[in-house]
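Asks: Taken in order, these protein sequences are the chains called Y and F. Each residue of the first sequence is one higher than the one before, starting from 81 at the first, in the numbering used here. Each residue of the second sequence is one higher than the one before, starting from 18 at the first, in the numbering used here.
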Amino acid sequence: MSNTYLKERRSESVFKALLLLSSFIIIILLFSITLTLIIESYPSIKHNGLSLLTGDIWDPVSEKYSILPFIVGTFLTSILALIISTPFSLAASLYLGEYAEGKRSSRLIKAVLDLLAGIPSIIYGFWGLMVLVPVVRKFEELIGIPPLGIGIFTASLILSIMIIPYTTSIAREVIKLVPQDIKEAAYSLGATRFEVIRDIIIPYAKSGIFAGILLSFGRAFGETMAVTMVIGNANYIPKSIFAPANTMASVIANEFAEATSDLYISTLISLGLVLLIMSLIVNSIGRFVIMKLYVK
Amino acid sequence: MEDQILTIRNLNAYFGDFHAVKNVNMTVYKNTITAIMGPSGCGKTTLIRCINRLHELTEGAYTTGEIYLKNNNILSMNPIIIRRQIGMVFQKPNPFPTMSIYDNVIAGYKINGIKMDKTEMDTIVENALKKAALWDEVKDKLKQKGAFLSGGQQQRLCIARAIAMKPEIILLDEPTSALDPKSTLKIEELLEELKKDITILIVTHNIAQAARISDYTAFMYLGELIEYDKSDKMFTNPSNPKTNEYLKGCFG
């Protein structure tokens, strides 16, 4: 009797140790990826120093490396994508979380959103090249600027389409969480549905919606393939939102294969390190806001 | 006899196929407290939710019959207009969590886009909070969030929010069931005071509460209005044997 008990206890503790180990590996993964990037960036940091962040010339041939154009490109495309997508996401999430909550149409749209989120980014890139680029070119002709079709604006458009499912899903969840009794209290005072949304639902769900936007921002920030295909791959600080440019991720994808010198490779890796740190910061803020939301 | 203010005629309420309120007829008198009691699920909450048309917000819910506020049939009016004239206080205290105490009280005006100057708003807020017996406790923290108040204070804030709109009637749906005895007593005293200006309809499953505060009492069972009479009569000499059984605690 006591023998089987001991045996059971032993297998229990072995099992627990296995689970713990697997979980621990996750932490080691993040740590070792960061460590690799830091070590591999060292030659670049030593050679470029602060001019990596302050200069504005990226010229691998003369070994002048400044990543500022790509930081600007990344922020510009991501912020523009947020500006374009947020109104749509907000409207869709209000419909799904408030108007159609529980109805068949809501479930259908939710399923389609999940499918959209699962489309490989290379497909978005193809679609952007074949459909968006000609459309943007026409638009550029119309407003009288060089009709390139590719550039920051096109990249932002494709990004905004890619992040709509993320913002919408998160915003829908928090809008659903608004308690029925405070909505009813507003109705009982004579509020219309629009007034309930404006004065009750949005103020209540505000921080959650903000977190959703931030997480989508993190996603847009690091998106690589689709952006690389339509952004035009120019290594200057962009002069307008229609100019060709590069983001941190797109320049790595575009140039890594042809980077010949050790310094060139190391510089691209240091660019990756900066991208990783910035993404971690953006994601952490988003998660922190969501966490605070659920604790209360 | 008091003036009639609310007349309910052949009222039926449904949730889809479920018949929740069955052919109710009753008259509510001005400046009285009318209690509606009965066991859980008897339709008492649904009945008062028909009066301010909240019932129909539920998917698939509808009503038939007539409810007259003075001479207007509520059921054929614009629900937005009706709800400004009939206030409601809910079972669980539900001040708007994102708003300050002050903004909670004035919320009805703000939500409806009624413009007025600061002094006018201040007067409304002060009067409503005084009537709700909350002014002395919160006058120094009007800018704080209502969620920091105790349960009883939150419920009085909800009463202030409802009466700030100067309604003809307020509906209270088991307003003290989530509160301790002391807060309950305070709200009961408050209602006695309020009935001078406003007609009060209160749903309760607390028989003692109905006996303590109401002038008229309605007893509902399985969606039907079994008996409706002056409280004095109802609690001493009910005409319907069902009422008698309920009062003796045989079911419910």
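Every residue gets a Cβ at the ideal spot worked out from N, C-alpha and C, and that includes glycine.
Closer than 9 Å, Cβ to Cβ, to anything on chain Y: give me those residues from the region 150-177 of chain F, in chain order.
Replies: Going along the region 150-177 of chain F in chain order, one finds CYS175 with a Cβ nearer than 9 Å to chain Y.
Asks: If the cut-off is 9 Å on Cβ atoms, which residues from the region 235-266 of chain Y count as contacting chain F, listed in chain order?
Replies: Result list: PRO259, ASP261, ILE262, LYS263, GLU264, ALA265 and ALA266.
Asks: So, does the CB of F:GLY240 fall closer than 8 Å to a CB anywhere in chain Y?
Replies: Judged by the 8 Å Cβ criterion, F:GLY240 is not in contact with chain Y.
Asks: Measure the alpha-carbon distance for Y:LEU348 versus Y:ILE332 and round it to whole angstroms.
Replies: The alpha-carbon atoms of Y:LEU348 and Y:ILE332 are separated by roughly 6 Å.
Asks: Pick out whichever of F:GLU244, F:ASP197, F:PRO192 and F:ASN257 has its Cα sitting closest to the Cα of F:PHE107.
Replies: Residue F:PRO192 is the option with its Cα nearest to F:PHE107.
Asks: Could you tell me whether the Cβ atoms of F:ILE186 and F:LEU64 are closer together than 8 Å?
Replies: No.
Asks: Quickly, what does DSSP pair F:LEU23 with across the bridge? List them, please.
Replies: F:LEU23 pairs with F:VAL45 and F:LEU86.
Asks: Could one say the Cβ of Y:PRO149 lies closer than 8 Å to chain F's Cβ atoms, at least one of them?
Replies: Closer than 8 Å: no.
Asks: Would DSSP call F:ILE99 helix, strand or coil?
Replies: Helix at F:ILE99.
Asks: Specify, as a first and last residue, the run of the alpha helix (DSSP H) that F:ALA228 falls within.
Replies: First-last of the alpha helix (DSSP H) with F:ALA228: 224-230.
Asks: According to DSSP, is Y:PHE336 helix, strand or coil?
Replies: Y:PHE336 falls in the helix class under three-state DSSP.
Asks: Locate the alpha helix (DSSP H) running through F:ALA195, then write down its first and last residues.
Replies: Where F:ALA195 is concerned, there is no enclosing alpha helix (DSSP H), given that its DSSP letter is neither H nor E.
Asks: Relative to the C-alpha of Y:THR154, which residue among Y:ASN83, Y:ILE241, Y:THR116 and Y:THR304 is closest?
Replies: Minimum Cα distance to Y:THR154 is reached at Y:THR304.
Asks: Just the Cα atoms here: how many angstroms apart are Y:ALA171 and Y:ILE238?
Replies: Roughly 19 Å separates the two Cα atoms.
Asks: Quick check on the DSSP output: the alpha helix (DSSP H) that includes Y:MET242 runs from which residue to which?
Replies: Unbroken alpha helix (DSSP H) run through Y:MET242: 232-256.
Asks: If we cut at 8 Å on Cβ distances, does Y:SER124 have a partner in chain F?
Replies: Chain F, which has no Cβ nearer than 8 Å to the Cβ of Y:SER124, makes this no.
Asks: Within the continuous beta strand (DSSP E) that includes F:GLU241, where are the two ends?
Replies: F:GLU241 -> beta strand (DSSP E) spans 241-247.
Asks: For the alpha helix (DSSP H) containing Y:PHE150, list its first residue and its last residue.
Replies: Unbroken alpha helix (DSSP H) run through Y:PHE150: 148-174.
Asks: Tell me which residue opens and which closes the beta strand (DSSP E) that F:MET182 is part of.
Replies: Counting along the chain, F:MET182 falls outside any beta strand (DSSP E), and DSSP gives it neither H nor E.
Asks: Can you list the residues of chain F that Y:GLY270 reaches, using a CB-CB cut of under 9 Å?
Replies: PRO96, ILE97, ILE98, ILE99, ARG100, ARG101, GLN102, GLY125, ILE128, ASN129 and MET182, listed in chain order.
Asks: Can you grab the Cα-Cα spacing for the pair Y:ALA197 / Y:LEU174, in whole Å?
Replies: So the alpha carbons of these two residues sit roughly 19 Å apart.
Asks: Count the other CB atoms within 10 Å of the CB of Y:PRO318; is the residue buried (16 or more) or exposed (fewer)?
Replies: Answer is buried; the Cβ neighbour count reaches 16.
Asks: In the structure shown, what three-state DSSP assignment does F:THR51 receive?
Replies: Three-state result, F:THR51: strand.
Asks: Output, in chain order, the set of chain Y residues within a Cβ distance shorter than 8 Å of F:PRO114.
Replies: Chain Y residues near F:PRO114: ILE262 and TYR284.
Asks: Can you give me, in chain order, the residues of the region 273-297 of chain Y that have a beta carbon less than 7 Å from any beta carbon in chain F?
Replies: Cβ contacts with chain F: GLU275, ASP279, ILE280, PRO283 and TYR284.
Asks: What did DSSP end up calling Y:ILE189 once you bin it into helix, strand or coil?
Replies: Helix, per DSSP.
Asks: Run through chain Y and tell me which residues come within less than 9 Å of F:LEU71, C-beta to C-beta.
Replies: In chain order: GLU264, TYR267 and SER268.
Asks: For the candidate residues F:TYR233, F:ASN257 and F:ARG26, whose alpha-carbon lies nearest to that of F:THR49?
Replies: When each option's Cα is compared against that of F:THR49, the closest is F:TYR233.
Asks: What's the C-alpha gap between Y:GLU220 and Y:ILE255?
Replies: The alpha-carbon atoms of Y:GLU220 and Y:ILE255 are separated by roughly 38 Å.
Asks: Is the region 353-368 of chain Y close to the region 113-133 of chain Y, with three or more CB pairs under 8 Å?
Replies: Yes: the two stretches touch, three or more of their Cβ pairs being nearer than 8 Å.
Asks: Helix, strand or coil: how does DSSP classify Y:ASP279 here?
Replies: Here Y:ASP279 sits in helix by DSSP.
Asks: Would the region 319-330 of chain Y count as touching the region 226-233 of chain Y if we require 3 or more Cβ pairs under 8 Å?
Replies: Cβ pair count under 8 Å is three or more, so yes.
Asks: List the residues that DSSP assigns as beta-bridge partners of Y:TRP138.
Replies: Answer is Y:TYR145.
Asks: According to DSSP, is Y:GLY177 part of a helix, a strand, or is it coil?
Replies: Here Y:GLY177 sits in helix by DSSP.
Asks: Taking F:THR80 as the reference, which of F:ILE68, F:ASP120, F:LEU202 and F:LYS87 has the closest Cα?
Replies: Nearest of F:ILE68, F:ASP120, F:LEU202 and F:LYS87 to F:THR80, Cα basis: F:ILE68.
Asks: What does DSSP give as the partner residues of F:SER117 in its beta bridges?
Replies: Answer is F:LYS162.
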